[in-house]
Amino acid sequence: MSKHTPQKVRHHSDVSRISLESSIEQLSNKIGAIHKRRIAIEHQIINTTTGISNLRNFIKLNQLENQEKQLVTRLEQLKYSQSLLTPKRNIPYREQDEFDEWKVAENEMKALEAEKALSKIRQTRQSKENNKEMDR
């Protein structure tokens, strides 16, 4: 446990994360059940020849599709909330900080040098093409 995060706050985030996970699981199960019902109704529509029964089935199918869309939207919102609660990486504390500024600066310089070299190569190619066109 970190020195900076009080135990209650950490416990609260764990409870929130667990609650979100169970909500996501419940919504996924509901979406699966609705999907199964939709498939069953689609089979009924295919097998039924009477118009009134098919009309009722189409209405049920439309309602289930709307329910499924709403649940999928809610599921995406919950997954986004869960992603906000989940730490992206383990960030060390200041006294344990292993971040090497010199290495980062060195890598940035290498990237800049590579960009310059690439632009020189492009300029050289362009000038060669221009010279060829001028010779014609």
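Numbering that gives the first Met the number 0 applies: residue 0 is where the sequence shown begins, and numbers increase by one. Yeah, the Cβ is synthetic: ideal placement off N, Cα and C, and Gly gets one too.
Residue i and residue j: beta carbons closer than 9 angstroms?
i    : j    : result
L70  : R37  : no
K81  : I23  : Before going on, a small fix: residue 81 reads as Gln here, not Lys. Result yes, Cβ atoms of Q81 and I23 sit closer than 9 angstroms.
E75  : L60  : no
R73  : L117 : no
N56  : T47  : yes
E67  : I17  : no
S126 : L84  : no
Mapping the DSSP letters down to three states, classify residue i as helix, strand or coil.
i   : result
T48 : coil
T72 : helix
M0  : Caution applies to M0, whose pLDDT of 44 falls short of 50 and renders its modelled position unreliable; the value that the coordinates give is listed next. Residue state, collapsed to three classes: coil.
At what residues does the alpha helix (DSSP H) containing residue i begin and finish?
i    : result
T123 : E100 to D134
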